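Comments concern the structure below.
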Amino acid sequence: MAHEARDFSYLLGKLEGISDKLLEAHFGLYKGYVARLNLMEEELQKTDKGHTNYSWGHWSELKRREAVAFNGAYLHELYFENLTPKGEPSPELVQDINDSFGNHDEFLKDLKSTGLCTIGWVVVTKSRADGKLHTYLLTEHHVGLPVLQDIILVLDSFEHAFAMDYGTDRGGYIDAFVKNIDWEVVNRRFSAL
Ligand SMILES: [Fe+2]
């Protein structure tokens with residue numbers, strides 16, 4: 085079944101410190117990833133799997149990039165979904181944040197620092213390995229996410245997510261991102277685990 089880009093235009097005019105012009109450009113990029121994911125899956129279906137190997141092969145190359153297209157589409161979906169300033173962390177989430185990071189301020193400091201040391205994504209996860217919350221950075225869509233992680237919050241820290249509004253001030257953008265977190269969405273992801 086083909087993947088479909090979701091309509092996040094309801095975010096326009098709703099965010100603090102992230103312009104509509106930037107958001108609209110970002111939606112276009114997200115739609116491009118969804119289109120490429122569909123193309124990727126179609127191409128994989130019709131490409132000969134025979135004679136593949138580690139060195140070279142059309143199917144092999146597609147297979148190596150499959151997660152780029154998939155994560156490029158769905159990390160953006162998770163990111164847009166957790167935007168819109170709304171709510172606050174649930175008592176259960178607050179407890180987990182405190183257990184994992186010490187307190188909310190330390191959690192935000194960790195989130196920002198992680199965002200400053202990647203050129204790509206930050207994901208906040210609950211780990212099925214130790215039951216704690218973690219921040220992980222992905223330098224490419226498909227590189228850097230450890231196994232056994234359930235994602236509850238996504239920060240897009242690629243330059244395209246902020247340069248139009250913030251120039252090179254990635255930290256200023258991350259501060260704005262934090263103000264725009266939809267905690268109701270994060271609480272829902274968290275409580276579903
Ligand atoms: Fe992005």
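If you're matching positions, the sequence shown starts at 85 in this note's numbering and goes up one per residue.
Every residue gets a Cβ at the ideal spot worked out from N, C-alpha and C, and that includes glycine.
Source: prediction; values computed, not measured.
When DSSP states are grouped into helix, strand and coil, residue 211 belongs to the strand group. Contact between residue 203 and residue 164 is absent: CB atoms are separated by about 20 Å, not below the 8 Å threshold. These are the residues, in chain order, with a beta carbon less than 6 Å from any non-hydrogen atom of ligand 1: 110, 113, 160, 240, 242, 244 and 245. Contact between residue 137 and residue 144 is confirmed by a C-beta separation of about 7 Å, below the 8 Å threshold. Distances from the CA of residue 247 to each of 129, 114, 153 and 103 were compared; the closest alpha carbon is that of 103. Within the same chain, 90 come within 7 Å of residue 161 by CB-CB distance, once the 5 residues on both sides are set aside. For the pair residue 105 and residue 169, the CB atoms are not nearer than the 9 Å cut-off. Excluding residues up to 5 positions away in sequence, 131 and 132 lie with their Cβ nearer than 8 Å to the Cβ of residue 142 in the same chain. By the C-beta density criterion, residue 107 is buried, having at least 16 other C-beta atoms within 10 angstroms. In the DSSP assignment, residue 253 falls outside any alpha helix (DSSP H) and carries neither an H nor an E. Residue environment for residue 244: exposed (fewer than 16 other C-beta atoms within 10 angstroms of its C-beta).
Linking residue 275 to residue 129 through their CA atoms gives a straight-line distance of about 36 Å. Beta-bridge partners of residue 219 (DSSP): 208. In this structure, residue 257 and residue 266 do not form a Cβ contact; the two beta carbons are roughly 17 Å apart against a cut-off of 8 Å. For residue 125, the closest C-alpha among the options 207, 87, 222 and 177 is that of 87. By the C-beta density criterion, residue 213 is exposed, having fewer than 16 other C-beta atoms within 10 angstroms. Straight-line spacing of the CA atoms in residue 260 and residue 111 works out to 18 Å.
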